[in-house]
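Visitor: Note that the protein sequences, when read in sequence, are chains A and B. For what it's worth, my numbering labels the leading residue of the first sequence as 547, then goes sequentially. For what it's worth, my numbering labels the leading residue of the second sequence as 458, then goes sequentially. Idealized CB from N, CA, C, for every residue including glycine. First the structure, then my questions, so here it is.
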Amino acid sequence: MPDQPTSPTNGTDATSPADSQWPLWEVFLQPPKGEAHEHAGSVHAVSAEQALQNARDVYARRGEAVSIWVVPSASITASTPDDMGPFFDPGNDKPYRHPQFYKVPRGVRVF
Amino acid sequence: MPISAQPGFVSYLLRLGDDRLVLGHRLSEWCGHGPILEEDIALANVALDLVGEATLLLKLAGETESAGRNEDALAYFRDSTEYRNALIAELPKGDFGFTIVRQFFFSVFSLLQMQALQRSSNAELAGIAAKAVKEAKYHVRHSAQWVVTLGDGTEESHARAQAAVDELWRYTGELFLTDAVEQEVASAGLGVDASTLAEPWHAQVEEILRRATLTVPPVSYMQRGGRDGRHTEHLGHMLSEMQIVARSHPGATW
Chain A
547 MPDQPTSPTN GTDATSPADS QWPLWEVFLQ PPKGEAHEHA GSVHAVSAEQ
597 ALQNARDVYA RRGEAVSIWV VPSASITAST PDDMGPFFDP GNDKPYRHPQ
647 FYKVPRGVRV F
Chain B
458 MPISAQPGFV SYLLRLGDDR LVLGHRLSEW CGHGPILEED IALANVALDL
508 VGEATLLLKL AGETESAGRN EDALAYFRDS TEYRNALIAE LPKGDFGFTI
558 VRQFFFSVFS LLQMQALQRS SNAELAGIAA KAVKEAKYHV RHSAQWVVTL
608 GDGTEESHAR AQAAVDELWR YTGELFLTDA VEQEVASAGL GVDASTLAEP
658 WHAQVEEILR RATLTVPPVS YMQRGGRDGR HTEHLGHMLS EMQIVARSHP
708 GATW
């Protein structure tokens, strides 16, 4: 690909004429208090407040969450399938990166 | 006769329940027809909240009446002249702007009413109100957000929202009418006289309309009649659809 600036809207440009829908937002729910927010899905909305409400109505109406985050999908920079090799393969042949040679001391909880 | 068995209290509970049943049914007509999937679900959620509140209120009305009618009997086997909802609830759903403006007007009213009813001397009604307050808060937030989005949106959305405000305004006065029933339940500590809710309602509604760049129509004539069973032609049509299954198969269960 020629030197194309990696616009944050790449791939998820909800304003392109082909997409008649409103901008897309990613939804993260915190299941019970104290746990990390997890990706639940996405909603369309014209504003952050509307995205929050739509997320509540679509993903949290049965008491699934105690907190909701919404993030414009366009703000997410994601790796591509082309990145698979350079990003993730080099780790596989370096066993010393995996701390599996250590004996876990007694009394330490193994997850 | 215990205080809660006053006939006025039964009439009052029917007003509370019928407002929510009829409006909930009108909202449910959007199911599968919402402007986008997310809003379709949101409208159905609000509809379910309202029908849920109506179920509890009509159940309490039936128990208070002690004539052997449960919430289903009250919902499905009364004719339009026996319904006590305000006319604003029964108007056809119109376009999305009309539905949203109506929902906003009613939700602000409902929140004020239910906040006051949390102090009802009838413990069951106070409990229902406490549940309804949480729901109504979200209904206000959701519909107010939409009123501002539509009013302060495109030329088309503004025009439709303003048309809805103009059309609906004359049905808002009925929400705050006072009569012997309202005064009876208010003096018994069971309910709240609706006329006391007019001032805070106008303050909140007009604030949002201003933010939405919508104009409050000059007050002229206010429609009325629903509280006494005098309805528009629309309620009968709506009820015939809502009641047909229950009436065709009395006693059916699933």
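1) Kindly give me the distance between the Cβ atoms of A/V604 and A/E572, rounded to whole angstroms, as I take these residues to be in contact under 8 angstroms.
2) Shorter than 7 angstroms from the beta carbon of B/N579 to some beta carbon of chain A?
3) Would you call the CB atoms of B/L495 and A/V589 closer than 7 angstroms?
4) Please check the pair B/D475 and B/R576, which I expect to be a contact at CB under 8 angstroms, by giving their CB distance rounded to whole angstroms.
5) Any idea if B/I460 is buried or exposed, counting beta-carbon neighbours within 10 angstroms, 16 or more meaning buried?
6) Quick check on the burial criterion: 16 or more other C-beta atoms within 10 angstroms. Buried or exposed for B/R472?
7) Within this structure, are the beta carbons of B/L671 and B/G608 separated by less than 7 angstroms?
8) Looking at the strands, I want to know which residues DSSP matches up with A/P618.
9) Report the partner residues of A/V589 according to the DSSP bridge assignment.
10) Residues of the region 606 to 620 of chain A in Cβ contact with chain B at a cutoff of 8 angstroms, in chain order, please.
11) Just confirm the distance between the C-beta atoms of B/R477 and B/E510, as a whole number of angstroms; I'd bet it's less than 8 angstroms.
12) Please list the residues of the region 600 to 620 of chain B that have a C-beta atom closer than 9 angstroms to any C-beta atom in chain A, keeping them in chain order.
13) Span of the alpha helix (DSSP H) holding B/D476?
14) For my contact list, B/I434 and B/L531 are in at a C-beta cut-off of 8 angstroms; report their separation, rounded to the angstrom.
15) Helix, strand or coil: how does DSSP classify B/Q680 here?
16) Got a sec: is the Cβ-Cβ distance from A/D603 to anything in chain B below 7 angstroms?
17) Let me know the secondary structure DSSP gives B/E522 once reduced to three states.
18) What's the gap between the Cα of A/P551 and the Cα of B/H615?
19) Using a Cβ-Cβ cut-off of less than 8 angstroms, give me the residues of the region 565 to 597 of chain A that come near chain B, in sequence order.
20) For A/Q576, which residues does DSSP report across the bridge?
21) Does A/F634 pass the burial test, meaning 16 or more other C-beta atoms within 10 Å, or should it be called exposed?
22) If distances are taken between C-alpha atoms only, which option among B/S652, B/G648, B/G551 and B/L654 comes closest to B/L582?
23) Is B/D536 buried or exposed, if buried means 16 or more other CB atoms sit within 10 Å of its CB?
24) Would you list, in chain order, the members of the region 494 to 507 of chain B that have their beta-carbon closer than 7 angstroms to a beta-carbon of chain A?
25) Compute the Euclidean distance between the alpha carbons of A/S619 and A/S593, then round it to the nearest angstrom.
26) Since A/N600 is in the alpha helix (DSSP H), which residue starts that stretch and which ends it?
27) Buried or exposed for A/E584, going by 16 or more other Cβ atoms inside 10 Å?
28) Would you check if the distance between the CB atom of B/L500 and the CB atom of B/W487 is smaller than 7 angstroms?
29) Could you check whether the Cβ of A/Q646 sits closer than 7 angstroms to any Cβ belonging to chain E?
30) Whole angstroms are fine: how far does the CA of B/V503 sit from the CA of B/E698?
31) If we call anything under 7 angstroms between Cβ atoms a contact, is B/L568 one with B/V604?
32) Could you spell out the range, first to last residue, of the alpha helix (DSSP H) harbouring B/H599?
Guide: Put simply:
1) No, A/V604 and A/E572 are not in contact; Cβ-Cβ is about 12 angstroms, not under 8 angstroms.
2) no
3) In the sequence as displayed, the identity of residue 495 of chain B is Glu instead of Leu. It is a contact, given that the beta carbons lie within the stated cut-off.
4) Between B/R576 and B/D475 the Cβ distance is about 22 angstroms, and since that is not below 8 angstroms, they are no contact.
5) In this predicted model, B/I460 has a pLDDT of only 48, less than 50, meaning its place in the structure is not dependable; the value taken from the coordinates is given anyway. Exposed, because fewer than 16 other Cβ atoms sit within 10 Å of the Cβ of B/I460.
6) By the Cβ neighbour-count rule, B/R472 is buried, with 16 or more other Cβ atoms within 10 Å of its own.
7) yes
8) A/W571
9) Secondary-structure assignment with DSSP links A/V589 through a beta bridge to A/W571.
10) R607
11) 5 angstroms
12) Along the region 600 to 620 of chain B, the positions whose C-beta sits under 9 angstroms from a C-beta of chain A are Q602, W603, T606 and G610, read in chain order.
13) Taken as a continuous stretch (DSSP letters only), the alpha helix (DSSP H) holding B/D476 covers P464 to S485.
14) Chain B is shown only over 458 to 711; residue 434 of chain B falls outside these bounds and no answer can be derived.
15) In this structure, DSSP gives B/Q680 a state outside helix and strand, which the three-state scheme calls coil.
16) yes
17) helix
18) Any reading at A/P551 must be qualified, since the residue scores a pLDDT of 41, below 50, and its modelled position is unreliable; no value is offered.
19) Only those residues of the region 565 to 597 of chain A whose C-beta falls short of 8 angstroms from the nearest C-beta of chain B are listed: Q567, W568, V589, H590, A591, V592, S593, E595 and Q596.
20) A/S613
21) exposed
22) B/G648
23) Answer is exposed; the Cβ neighbour count stays below 16.
24) Residues E495, I498, A499 and N502.
25) 13 angstroms
26) A594 to Y605
27) exposed
28) yes
29) Chain labels in this structure do not include chain E; the protein chains are A and B.
30) 20 angstroms
31) Going by C-beta atoms, B/L568 is not nearer than 7 angstroms to B/V604.
32) Annotation for B/H599: the continuous alpha helix (DSSP H) segment containing it runs A580 to G608.
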